[in-house]
């Protein structure tokens with residue numbers, strides 16, 4: 020059953036991404052690292068930089084969890100877009116209500132270890148992806164510590 024989920028996830032991804040690829044946002048590239056697939060409209064250099072950045076964060080998280088180093092982790096797809104307008108086209112629901120803040124990125128967890136990240140590479144701030152890394156930590160730690168009280172799990176992720 021697990022093998023059937025991956026093709027379904029890819030089909031869903033391409034159905035969602037298809038309108039974006041046709042949009043006049045720029046050329047899309049795909050870069051792969053050992054643990055991430057980065058699809059981006061910022062060019063290959065920035066896509067590679069994003070993959071390296073997430074590999075470094077992953078390495079740090081897995082080193083902090085002895086149990087995590089003993090098993091494999093799923094490959095995560097990252098949609099790294101060049102600006103807020105591109106992210107809005109990808110995730111219009113976050114711009115549906117006026118007056119709300121808009122995310123620099125979104126971490127989406129799914130069943131069967133399927134995770135996707137969408138992020139705005141031009142987001143301002145010292146660490147605009149802090150919440151993405153926080154949620155990513157949960158995806159790494161929860162399988163090993165599923166019964167932790169919420170306050171402990173949140174404290175570890177922070």
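Residue numbers (my numbering): 20 to 177. Here a beta-carbon is modelled for each residue, glycine too, at the ideal position from N, C-alpha and C. Just so you know, these numbers come straight off a predicted model, no measurement behind them.
Inset, instruction - Check the DSSP bridge columns for residue 49 and list the partner residues they point to. - result: Here residue 49 is bridged, per DSSP, to 58.
Legend entry - CA-to-CA distance, residue 46 to residue 108, given in whole angstroms: Spanning the two alpha carbons is a distance of roughly 15 angstroms.
Inset, instruction - Kindly confirm or deny that the region 146-163 and the region 109-121 touch, where touching means at least three C-beta pairs closer than 8 angstroms. - result: Touching, no.
Inset, instruction - Could you tell me the distance, in whole angstroms, from the CA atom of residue 124 to the CA atom of residue 92? - result: Taking the straight line from one Cα to the other gives about 21 angstroms.
Inset, instruction - Specify the secondary structure class of residue 79 as computed by DSSP and reduced to three states. - result: Three-state result, residue 79: helix.
Legend entry - Proximity winner among 69, 118, 167 and 48, relative to residue 54 (alpha-carbon distances): When each option's Cα is compared against that of residue 54, the closest is 69.
Inset, instruction - Measure the beta-carbon distance from residue 60 to residue 100 and round it to whole angstroms, keeping in mind my assumption that it falls under 8 angstroms. - result: Residue 60 to residue 100, Cβ: 6 angstroms. Contact.
Legend entry - Within 9 angstroms, strictly: CB atoms of residue 160 and residue 84: Contact: yes.
Legend entry - Coil, strand or helix - residue 139 by DSSP: In the structure shown, residue 139 sits in a strand (DSSP, three-state: E or B).
Inset, instruction - For residue 99, write down the residues that DSSP places opposite it in a beta bridge. - result: Looking at the DSSP assignment, residue 99 forms a beta bridge with 59 and 138.
Legend entry - Contact under 9 angstroms by Cβ, residue 71 with residue 90: Taking 9 angstroms as the Cβ cut-off, residue 71 and residue 90 do not qualify as a contacting pair.
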